[in-house]
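Asker:
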Amino acid sequence: MDRKEFLLALDEMLELDAGTLTGAEELDSIDAWDSLAVISFIALVDEKLGHVVEGERLVKAKTVDDLLGLAGIAVTA
Numbered sequence: 191m192d193r194k195e196f197l198l199a200l201d202e203m204l205e206l207d208a209g210t211l212t213g214a215e216e217l218d219s220i221d222a223w224d225s226l227a228v229i230s231f232i233a234l235v236d237e238k239l240g241h242v243v244e245g246e247r248l249v250k251a252k253t254v255d256d257l258l259g260l261a262g263i264a265v266t267a
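Just so you know, we're using the working numbering here: the sequence shown kicks off at 191 and counts up by one.
1) Going straight from the alpha carbon of Leu248 to that of Thr210, what length do you get?
2) Where does Leu197 land, buried or exposed, given buried means 16+ other C-beta within 10 angstroms?
3) With a CB to CB cut of under 6 Å and the five nearest residues on each side skipped, what residues in its chain are close to Asp201?
4) By a C-beta neighbour count over all protein chains shown, 10 Å radius and 16 as the cutoff for buried, is Ile229 buried or exposed?
5) Find the nearest neighbour of Lys252 within the set Leu260, Glu246, Glu216, judged by alpha-carbon distance.
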């Protein structure tokens, strides 16, 4: 899964229009980023990429690019 595909998966998970997220967004500015979204993100990474995101690292994420980094996806386009 590449950056674009993962961003589209995040759009879908957060019920945003496809192509909404670019990576630079602050998580605090995304209305749909809540505790359910956190669990969904962890499940998405596990299902699509086969690895576990550590909770201690996830709570430090501030941007969508941070999430991409936690998922092991390059943050540069």
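Using N, Cα and C, we set each Cβ at its ideal position, and we do this for glycine too. Just so you know, these numbers come straight off a predicted model, no measurement behind them.
Answerer: Let's see:
1) Cα to Cα, Leu248 sits roughly 21 Å from Thr210.
2) Leu197 is buried by the Cβ-count criterion.
3) The residues are Ala208, Thr210, Leu211.
4) Ile229 comes out exposed.
5) Selected option, being the one with the closest Cα: Glu216.
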